[in-house]
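A.B. asks: The following block contains the structure, expressed as structure tokens.
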Amino acid sequence: MRDIVIYGAGGAGREVAQLLADINERAPQWSVLGFLSDDAAWHGRTVGDLPVLGGSEWVHARGQPIAVALGVGSPAVKHRLVERVRTPFVSFPTLVHPTVSVGRRVSIGEGTIVCTASVITVDIRLGAFCMVNHGCTITHDDVLGDYTTLAPGVNVSGNVMVGEGTDIGTGSQIIQGVSIGAWSIVGAGAVVCRDLPANVTAVGVPARVIKQRLSGWHRDNDA
15 MRDIVIYGAG GAGREVAQLL ADINERAPQW SVLGFLSDDA AWHGRTVGDL
65 PVLGGSEWVH ARGQPIAVAL GVGSPAVKHR LVERVRTPFV SFPTLVHPTV
115 SVGRRVSIGE GTIVCTASVI TVDIRLGAFC MVNHGCTITH DDVLGDYTTL
165 APGVNVSGNV MVGEGTDIGT GSQIIQGVSI GAWSIVGAGA VVCRDLPANV
215 TAVGVPARVI KQRLSGWHRD NDA
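Residue numbering for the sequence shown follows the working numbering, starting at 15 and increasing by one per position.
In structure tokens:
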């Protein structure tokens, strides 16, 4: 079995721990060593039944191969954590829950996590470090850019282009043929019927833009 740690000790991290346990129940693959957190106050604690080992420095000090799963939802935070922890010793496995339906000609990038009861149909590309939460539907010819997060119950219709770092809220509906620009945020329950530009927040039915950010705002958030 391969050693793995979960970067993030909150709710999303605990859900990733459960996902790994479910994978192991089908066929043992992973030895889960514990969580990583950049909050030193958590170091040495136990979360669920796993220890918080340290932060990114734990990985660098280890100096031997380790797999890292991202246990956070925020695309901007995921971007920061990957940059902090990436070394020649680190791998980011793709983790797909056994209950997920994956069709033909589906590409799933490194570090992407797909949670329980989601459906991914055909001719779809999911980028690196995406998180597809519980009960999502992704249909034909969709493309999700790197670091995209779909909250629980998101439905993405066919021929949708989702830009890098997009964060789509719980229960949102993305109508067929729509494009969403990079590093945008779609509020919970929104229905996206028209293209959205990059770096915006959109909410409502139909979704409308309520906030515009400067390009690169997610990097400022990393500071």
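Even glycine gets a Cβ: it sits at the ideal position worked out from N, Cα and C.
Could you tell me which of Arg100, Val192, Glu29 and Ala31 sits nearest to Glu71, measuring between CA atoms?
C.D. replies: Arg100
A.B. asks: On the criterion of 16 or more Cβ atoms from any shown chain inside 10 Å, does Gly25 qualify as buried, or is it exposed?
C.D. replies: exposed
A.B. asks: Suppose the cutoff is 6 angstroms on Cβ atoms and the five residues either side in sequence are ignored; what does the same chain contact list for Ala23 look like?
C.D. replies: Phe49, Ser51, Trp56, Val61 and Val66
A.B. asks: Just to confirm the assignment, what range does the beta strand (DSSP E) spanning Pro65 have?
C.D. replies: Leu64 to Gly68
A.B. asks: Give me the Cα-Cα distance between Val104 and Ile18, rounded to the nearest whole angstrom.
C.D. replies: Whole-angstrom Cα-Cα distance: 10 angstroms.
A.B. asks: Exposed or buried, Glu39, counting other C-beta atoms within 10 Å across all chains shown (16 or more means buried)?
C.D. replies: exposed
A.B. asks: Return yes when the Cβ of Val86 is within less than 9 angstroms of the Cβ of Gly27, no when it is not.
C.D. replies: yes
A.B. asks: Please give me, in chain order, every unbroken run of the alpha helix (DSSP H) with length at least 4 that falls completely inside the region 53-99.
C.D. replies: Whole alpha helix (DSSP H) segments, 4+ residues: 70-76 and 89-99.
A.B. asks: Across the region 164-175 and the region 133-147, are there enough close Cβ pairs to call them in contact, namely three or more that are closer than 8 angstroms?
C.D. replies: yes
A.B. asks: So what does DSSP say about Ile37, is it helix, strand or coil?
C.D. replies: Here Ile37 sits in helix by DSSP.
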